[in-house]
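Visitor: With my numbering applied, the sequence shown closes on residue 1099, and no number is skipped along the way.
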Amino acid sequence: MKNQAVSRPDKVFNAVLLVVFTLILIITLYPAYFVVISSFSDPVAVAGGNVVFWPVGFTLEGYQTVLKDSAIVRGFLNSVAYTVAGVLVNLLLTLPTAYALSRRDFLARKPILVFYMVTMFVSGGMMPTYLVVQQTGLLDTMWALILPGAVNVYNLLTARAFFRSGIPEELLEAAKMDGCSDTRFFLQVALPLSGALVAIMALYYGVAHWNSYFSALLYISDQDKWPLQMQLRSVLLQNSWNAAATGFTPEQLAERQRMEALAEMMKYSLIVLSCLPMMIAYPFVQKHLVKGVMLGAIKG
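This is the structure in structure tokens:
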């Protein structure tokens, strides 16, 4: 069967769509691209607006300075520890809870599900949460960044829908006939069949932990325990403070300009380094992304 000829209006419409979406793609990606090329460019050229499409005055000094900074390296290691521990806690609490709520023979599933859903719309607020963290002795500990958000209700509902649609009840009945307990079925049957769900949950929670800085701003006062995002915030604020300073002698002004240039290089380099781990991790779970989201989107 021959393909039908595309009419002239359809060709015009497709061409317009191509142009529009290409512009949207460029507008979306260019800021990230600019940060990358600026991290390799001479900060004077960046400040002068000479960096547009390609690096100018290629240099790695920004990355070298960042990697020599012990506070930034410590912040990177802290973020890795917080993210790994946080994801493990999130998965340990979210997946069993979602599986239990997906079981139709679990009589208390509806009131418990309503209890969880209420927290999506009614939050205690920042001050009550801070008081809870303070009274439980979690201030200045990694658990202050992990336990208050141990279960994300949206992720819980997604996982519940995945289990209801992806794990047939006939499979559970067959396993019970062979003497399999509920716990064993979950660990040895349901979880191995839910690799896409586990990958997606780990990605969602991992990105949230890695990019989080506001919780650390509230609960962590010890700078040795700051995550990488707090170190990035500190660099950005320090750069803004330097730019606002006045009243320098010529020698001090030259030194100030040098430090500002170095801070500018560190800013772009640190942004790139802070995004790099998630960019590396994404391809490993990308193949599960569509499957996990689509199966979790089916209402059960």
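Every residue, glycine too, gets a C-beta built ideally from N, C-alpha and C.
The structure displayed is predicted, hence computed values, not measured ones.
If we count the other Cβ atoms within 10 Å of its Cβ and call it buried at 16 or more, is Ala1042 buried or exposed?
Guide: Counting from 1 along the sequence shown, the entry for residue 1042 is found at position 243. Reliability of the predicted coordinates at Ala1042 is poor, the pLDDT of 46 falling under 50, and the value obtained from them is presented with this limitation in mind. Ala1042 should be labelled exposed.
Visitor: Please confirm whether Arg1019 and Ala949 have their CB atoms less than 8 Å apart.
Guide: Reading the sequence shown from its first residue, position 220 is the one you call residue 1019. Reading the sequence shown from its first residue, position 150 is the one you call residue 949. Checking the sequence shown, residue 1019 turns out to be Ile, not Arg. Cβ distance not < 8 Å, so Ile1019 and Ala949 don't count as in contact.
Visitor: So the candidates are Ile826, Met1065 and Gly965; which of them puts its Cα closest to the Cα of Ala897?
Guide: Your numbering for residue 897 matches position 98 in the sequence shown. Ranking the options by Cα distance to Ala897, first place goes to Gly965.
Visitor: When DSSP labels each residue in this structure, what does Arg903 get in the three-state scheme?
Guide: Within the sequence shown, the letter at position 104 stands for residue 903. Note: Arg903 maps to coil in three-state DSSP.
Visitor: Can you give the Cα-Cα distance for Asn889 and Tyr1004, rounded to whole angstroms?
Guide: Counting from one through the sequence shown, the residue named residue 889 turns up at place 90. Counting from one through the sequence shown, the residue named residue 1004 turns up at place 205. If you take the alpha carbons of Asn889 and Tyr1004, they lie about 7 Å apart.
Visitor: How long is the line joining the alpha carbons of Ser1011 and Gln1028, rounded to whole angstroms?
Guide: Residue 1011 sits at position 212 when you count from the first residue of the sequence shown. Residue 1028 sits at position 229 when you count from the first residue of the sequence shown. Ser1011 and Gln1028: Cα-Cα distance of roughly 7 Å.
Visitor: On the premise that Phe984 lies in contact with Ala995, defined as a C-beta separation below 8 Å, what is that separation, rounded to the nearest angstrom?
Guide: Position 196 of the sequence shown holds residue 995. Position 185 of the sequence shown holds residue 984. The Cβ separation is near 19 Å, so there is no contact.
Visitor: Report the residue from Leu822, Tyr1081, Leu1031 and Ser806 whose alpha carbon sits nearest the alpha carbon of Phe875.
Guide: The sequence position of residue 875 within the sequence shown is 76, counting from 1. Cα-wise, what sits closest to Phe875 is Leu1031.
Visitor: Give every residue of the same chain whose Cβ lies closer than 6 Å to the Cβ of Ser806, excluding the five residues on either side of it in the sequence, and list them in chain order.
Guide: Taking the first residue of the sequence shown as position 1, residue 806 is located at position 7. Excluding sequence neighbours, Ser806 sits near nothing in its chain.
Visitor: Give me the Cβ distance between Ile871 and Val865, rounded to the nearest whole Å; I'm assuming they're in contact under 8 Å.
Guide: Within the sequence shown, numbered from 1, the residue matching residue 871 stands at position 72. Within the sequence shown, numbered from 1, the residue matching residue 865 stands at position 66. Indeed they touch by this definition, with Cβ atoms about 5 Å apart.
Visitor: Among Val1084, Tyr1081 and Ser1068, which one has its Cα closest to the Cα of Ala831?
Guide: Position 32 of the sequence shown, counted from the first residue, corresponds to residue 831. It is Ser1068 whose Cα lies nearest to the Cα of Ala831.
Visitor: For Val1071 versus Ser922, is the C-beta spacing smaller than 8 Å?
Guide: Along the sequence shown, one-based indexing puts residue 1071 at 272. Along the sequence shown, one-based indexing puts residue 922 at 123. Against a cut-off of 8 Å, the Cβ pair of Ser922 and Val1071 comes out as no contact.
Visitor: Fully enclosed by the region 854 to 923, which alpha helix (DSSP H) runs are 4 residues long or longer?
Guide: Segments of the alpha helix (DSSP H) lying fully in the region 854 to 923: 860 to 867, 869 to 901 and 908 to 920.
Visitor: Which residues bound the alpha helix (DSSP H) around Thr940?
Guide: Counting from one through the sequence shown, the residue named residue 940 turns up at place 141. Careful: Thr940 lies outside any alpha helix (DSSP H) and carries neither H nor E.
Visitor: Thinking C-alpha only, which one of Leu824, Leu828 and Gly861 is nearest Ser840?
Guide: Counting from one through the sequence shown, the residue named residue 840 turns up at place 41. Among Leu824, Leu828 and Gly861, the Cα nearest to that of Ser840 is on Gly861.
Visitor: Just the Cα atoms here: how many angstroms apart are Pro967 and Phe1083?
Guide: Residue mapping note: residue 967 aligns to position 168 of the sequence shown, counting from 1. Residue mapping note: residue 1083 aligns to position 284 of the sequence shown, counting from 1. For Pro967 and Phe1083, the distance between alpha carbons rounds to 27 Å.
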